[in-house]
Each structure stands twice: as structure tokens, then as C-alpha cells.
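Asker:
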Amino acid sequence: MRTDPNPIRALLSEPNPTQPNPSARASRGGSAWKMAELSAVRQELRNRNLSSSFGEPQCTSPQKDEQQKLAVPFCGGIRDGLRPGKKITIMGVVDADPDSFDISLTCGCEDVALDMCVRFEDREILRNACVSDSWGEEERSIPYFPFIAEQPFRVEIHCEHPRFLVLVDGHQLFDFYHRVTPLTTIDTIQISGSLTITKLN
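Each residue of the sequence shown is one higher than the one before, starting from 1 at the first, in UniProt numbering.
(1) Are Q172 and L183 close, meaning C-beta to C-beta below 8 Å?
(2) DSSP on L183, reduced to helix/strand/coil?
(3) Between the alpha carbons of D80 and D187, how many angstroms are there, rounded?
(4) Applying the 10 Å Cβ sphere with the 16-neighbour rule, what's the burial state of D102?
(5) Which whole-angstrom value describes the C-beta separation of E150 and V93, a residue pair presumed to lie in contact below a C-beta threshold of 8 Å?
(6) From F120 to P98, what distance separates their C-alpha atoms?
(7) Please classify I189 as buried or exposed, where buried requires at least 16 neighbouring CB atoms within 10 angstroms.
(8) Taking the beta strand (DSSP E) that V166 belongs to, which residues open and close that run?
(9) Buried or exposed: which applies to H161, given that a residue is buried once 16 or more other Cβ atoms fall within 10 Å of its Cβ?
(10) Can you check whether the CB of S194 is closer than 8 Å to the CB of D95?
(11) Return the Cβ separation of F153 and R123 in integer angstroms, given the expectation that the two are a contact with Cβ distance under 8 Å.
(12) Would you kindly report the start and end of the unbroken beta strand (DSSP E) that includes Y177?
(13) So what does DSSP say about C75, is it helix, strand or coil?
(14) Consult DSSP for R83 and reduce its assignment to one of helix, strand or coil.
(15) Report the three-state DSSP secondary structure of Q67 (helix, strand or coil).
(16) On a CA-only basis, which of I148, I90 and G77 is nearest G108? Give me that one, please.
(17) Using the Cα positions of M91 and V168, report the straight-line distance between them to the nearest angstrom.
(18) Can you check which of these residues, G136, A113 and R127, is closest to residue 203 by C-alpha distance?
(19) With 16 other CB atoms within 10 Å as the buried threshold, where does D111 fall?
(20) On the CB-based measure, 16 or more other CB atoms within 10 Å of its CB, does N128 come out buried or exposed?
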């Protein structure tokens, strides 16, 4: 049996009884659920002494086979952190019967610079940040809901000086002003939920 070379991704793929049930997200609220989820993951990383592994994997597409899927949940490092002018592109396909999915930019195991939670039942996209274990004000205004079951998508997260600018399939969806600085400390991306990742760079 082949082992996953990314120990953090392997950890996140294992069932964890300390993590809350994803179906509870809608009734308990996105931020509260996410805080519990991240706390559980952080504790597991500390217990297994894997916190130093953050930042090692590069956020890249598979080299040998462009069609190879990246395992979800996914966790990988962003080389040298973020800075104005840097862009992250996530390409994937929504599951056939989706509940929700998350894209989070974090400072290793600590602060969450951007948590983007896509919820299909309510057709909304929640955004928030967590600094020193405290979540801020949630943002949810969007001009339209772009994600469709079983359909491909392309999310671009542009890091600009005052904000993140997020586009889906080439159309601007929302912006999110930075609550975590310096930007170079934002060095990790986490993706989980009802989707398949086909490319990440």
C-alpha cells in the first residue's frame, strides 16, 4: 500500500472523532463549526508533532498527470506566504449531492486569514477570519451563487494590498479586506467538503 507523502493531508483524511459532524454546520453556524474543526485539527497536529510540516508541501498541480485528483480534505503550504500580486487558483468539480465546501487560508495552525464556506442548501458563501482564536464579523453578500452540482469551477484568489479579490469562472464574486498581517505569515491552504480538486496552483 502506498503512503501519502504529505503527513498533514494524510492526517486530515483520517476519521477524527473529535471533529464535529459537517451536517451540524447549518444549524450551528459557519464560524462556530469552523472554529471547532480547526481546533481539533490543531490539537491533532500538536499531538503528533506535525506542526513543523506546514509550509513544506508546495501548492502545485500534479506533475506527472494533470488529471490526477488531489485528495480532499487537502492541506498544503504556500511557498514564502502571500504578498500583493500573488494569486491562488483552485480548479475542481462540485459533488453530485453537495452539502458545503470550505477554502481556508491560514497562518499554519494558527490564525485564519480567510475562511470561505460555500453552502448549497442556502445558496450562500460565508466569509470570515479568525485572529487569536476569535472570529470576526461574518460577510455573506454576493451578486449570485456560481456553483452547480457536478459542474466544474475555477476559483481565483488574488492577494492585493488591502484585500483578497475572489473570482469564480472569471467573474468577480466578492472581496475581503485583510484582517491578518503581515501577509507573509499566511502560508497554508486547506480545502475540504463536497468537491473534487483537479488542479491547484
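Note that the Cβ used here is the ideal one computed from N, Cα and C, for glycine as well.
Answerer: So, from the data block:
(1) no
(2) helix
(3) 7 Å
(4) buried
(5) 7 Å
(6) 7 Å
(7) buried
(8) R163 to V168
(9) exposed
(10) yes
(11) In fact, because the Cβ distance is near 15 Å, the residues do not count as touching under 8 Å.
(12) H171 to Y177
(13) strand
(14) coil
(15) In this prediction, Q67 scores a pLDDT of 40, lower than 50, which makes its location untrustworthy; the coordinate-derived value is nonetheless stated afterwards. In the structure shown, Q67 sits in coil (DSSP, three-state: anything other than H, G, I, E or B).
(16) G77
(17) 10 Å
(18) As shown, the chain starts at 1 and ends at 201. That puts residue 203 outside it, with no answer to give.
(19) buried
(20) buried
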